[in-house]
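Okay, so here's the structure we're looking at.
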Amino acid sequence: RKEVEQDPGPFNVPEGATVAFNCTYSNSASQSFFWYRQDCRKEPKLLMSVYSSGNEDGRFTAQLNRASQYISLLIRDSKLSDSATYLCVVTAGGTSYGKLTFGQGTILTVHP
Amino acid sequence: NAGVTQTPKFRILKIGQSMTLQCTQDMNHNYMYWYRQDPGMGLKLIYYSVGAGITDKGEVPNGYNVSRSTTEDFPLRLELAAPSQTSVYFCASSAVRPRGEQFFGPGTRLTVL
Chain H
1 RKEVEQDPGP
11 FNVPEGATVA
21 FNCTYSNSAS
31 QSFFWYRQDC
41 RKEPKLLMSV
51 YSSGNEDGRF
61 TAQLNRASQY
71 ISLLIRDSKL
81 SDSATYLCVV
91 TAGGTSYGKL
101 TFGQGTILTV
111 HP
Chain W
1 NAGVTQTPKF
11 RILKIGQSMT
21 LQCTQDMNHN
31 YMYWYRQDPG
41 MGLKLIYYSV
51 GAGITDKGEV
61 PNGYNVSRST
71 TEDFPLRLEL
81 AAPSQTSVYF
91 CASSAVRPRG
101 EQFFGPGTRL
111 TVL
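Protein chains in written order, with this note's numbering: chain H, 1 to 112; chain W, 1 to 113.
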């Protein structure tokens with residue numbers, strides 16, 4: 001089983017749509033969780049951290065379910081500029097502090 | 001601040017050649033990382049460093065070496081390049097006690113023929 005698994009998509013949605021991405025992780029000792037965004041042929045950039053209580057940043061909402069080892073990202077009112085690959089990222093537990101494990105990414109295309 | 005810079009941006013190597021990918025950060029971060037990203041795949045950790053003089057292997061270290069003589073620089077050395085090392089290489093850094101955010105350089109696209 002992969003350490004971090006995402007539905008690769010691609011997701012093709014019209015502007016204004018709501019889209020949700022899911023991610024599962026295998027290491028129950030994982031401590032921190034993030035969504036990164038990667039534009040085509042560019043470096044990954046942090047989109048948002050994911051907290052146990054859930055958190056929201058504008059049109060983006062992230063949820064974490066530790067019992068099910070599941071992370072989600074909801075994007076409301078999609079914009080053309082949201083087109084990118086979204087990477088689910090998890091830090092290892094124990095002594096591996098700071099080391100990130102990346103999912104393979106979910107491709108989102110928002111069309112007019 | 002320039003953040004994390006990488007050179008070169010692109011490189012083509014022949015099988016068996018060697019090269020060094022340069023990475024520099026100006027944020028005074030202690031943690032630095034090297035990743036590779038193959039098409040359609042997630043990033044895989046090659047090596048990481050928790051401070052000057054300290055390095056450790058990641059998930060895919062074979063065929064690579066690193067050094068960390070200063071806080072700012074974390075070069076990645078490829079010895080005896082092989083076609084399997086064709087990839088995009090990203091360097092990243094994070095603060096001593098990060099909330100997890102890593103800052104990435106723009107990447108180096110390497111092709112081994």
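We treat Cβ as the ideally placed atom computed from N, Cα and C, and that holds for glycine.
Taking only the alpha-carbon atoms, compute the straight-line gap between valine 90 of chain H and serine 28 of chain H and give it to the nearest angstrom.
Across the structure, valine 90 of chain H and serine 28 of chain H are spaced so that their CA atoms are roughly 11 Å apart.
List, in order along the chain, the chain H residues whose C-beta lies closer than 7 Å to that of glutamine 116 of chain W?
Lying before the first or after the last residue shown, residue 116 of chain W is absent from chain W, which here runs from 1 to 113.
What did DSSP end up calling glutamine 85 of chain W once you bin it into helix, strand or coil?
helix
Is it buried or exposed for phenylalanine 103 of chain W, if we count other Cβ within 10 angstroms and need 16 for buried?
With 16 or more other Cβ atoms within 10 Å, it is buried.
Name the chain W residues that come within less than 9 Å of glycine 103 of chain H, Cβ to Cβ?
Gly42
To the nearest whole angstrom, what separates the beta carbons of glycine 63 of chain W and glutamine 85 of chain W, a pair I think is in contact under 8 Å?
6 Å
Does the count of Cβ pairs from the stretch 48 to 60 of chain W and the stretch 75 to 84 of chain W closer than 8 Å reach three?
no
C-beta neighbour in chain W for serine 49 of chain H, strict 9 Å
yes
Please state whether the Cβ-Cβ distance between alanine 17 of chain H and serine 78 of chain H is less than 9 Å.
yes
Member of W:Leu45, W:Thr108, W:Pro106 and W:Leu80 whose CA lies at the smallest distance from the CA of serine 18 of chain W
Cα-wise, what sits closest to serine 18 of chain W is W:Leu80.
List the DSSP bridge partners of glutamine 37 of chain W.
W:Leu43 and W:Val88
Do we get a CB-CB distance below 9 Å when we pair phenylalanine 90 of chain W with the residues of chain H?
yes
Starting from the Cα of arginine 76 of chain H, find the closest Cα among H:Gln69, H:Glu3, H:Val13 and H:Gly9 and give me that residue.
Nearest option by C-alpha distance: H:Val13.
Neighbour flag for phenylalanine 11 of chain H against chain W, beta carbons, 9 Å
No, no contact with chain W.
Cysteine 23 of chain H, enclosing beta strand (DSSP E) - first and last residue
19 to 25
Three-state secondary structure (DSSP) of leucine 100 of chain H
strand
Do you know how far the Cα of glycine 9 of chain H is from the Cα of leucine 64 of chain H?
21 Å
Which chain H residues are close to glycine 107 of chain W, counting only those with a beta carbon under 7 Å from its beta carbon?
Those within 7 Å of glycine 107 of chain W in chain H are Glu43.
Roughly how many angstroms separate the alpha carbons of threonine 7 of chain W and alanine 67 of chain H, rounded to a whole number?
43 Å
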